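Novice:
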Amino acid sequence: MPALTPRSTGRRTVRFLLVATIALLIVFLLAIVLFTSAESRALGSMVNRWARSMDAGATAEVHLSVESAEGLPKELVGNAVTLQCRAPDRLRLEATIQGEPILAGRNGDEVWIHVEKKAFTVIGDNRTPKF
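Residue numbers for the sequence shown follow our numbering, beginning at 508 and rising by one.
(1) If you drop the 5 nearest sequence neighbours on each side, which residues of the same chain put their C-beta closer than 6 Å to that of LEU483?
(2) Mind checking who SER572 pairs with in its DSSP beta bridge?
(3) Going by beta-carbon coordinates alone, are GLU623 and PRO636 separated by less than 9 Å?
(4) Residue range of the beta strand (DSSP E) that LEU600 falls in?
(5) Confirm the yes/no value for this check: CB of LEU537, any heavy atom of the ligand FMN, distance under 8 Å.
(6) First and last residue of the beta strand (DSSP E) that includes ALA611?
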């Protein structure tokens with residue numbers, strides 16, 4: 508049996524730690540795949556396709572509505588959200604919360620929020636002095 512020198516022991520330790528880290532990473536990734544629901548994987552692939560299309564400068568639009576809310580407050584059922592996004596600096600979010608439409612958006616350096624029922628709008632930009 509060869510004598511263990513401090514140098515060879517250090518190399519073995521580093522090699523062992525590297526192999527152990529890779530093995531743990533593989534086990535972790537397999538666990539994620541096995542324990543992730545089909546719905547989550549479908550949502551992930553949809554988000555990936557959406558992100559790729561945004562690179563081309565297209566406007567991405569998503570409509571979400573809550574049909575059932577197991578484990579969440581019942582008030583969420585029936586609410587809807589529409590999100591429109593064009594990378595890198597345009598965004599519009601339209602939501603209905605408790606029957607009240609709310610709009611929010613970004614156009615370059617300008618950000619705004621509008622509550623229709625209260626006739627209330629807040630606009631922020633970099634050109635306006637703060638105070």
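Just so you know, even glycine gets a beta-carbon here, dropped at the ideal spot from N, CA and C. Bear in mind the structure is a predicted one, so any value in this text is a computation, not a measurement.
Specialist: On the basis of the supplied data:
(1) Because the chain here runs from 508 to 638, residue 483 falls outside it and cannot be looked at.
(2) Numbered from 1 along the sequence shown, position 65 holds the residue referred to as residue 572. SER572 is bridged to ALA587.
(3) For this step, residue 623 is matched to residue 116 along the sequence shown. For this step, residue 636 is matched to residue 129 along the sequence shown. For GLU623 and PRO636, no; Cβs fall outside 9 Å.
(4) Along the sequence shown, read from residue 1 onward, the residue named residue 600 stands at position 93. Note, LEU600: beta strand (DSSP E), 597-604.
(5) Ligands in the displayed structure: none, and consequently the ligand FMN is not present.
(6) Position 104 of the sequence shown, counting from 1, holds the residue named residue 611. Note, ALA611: beta strand (DSSP E), 607-614.
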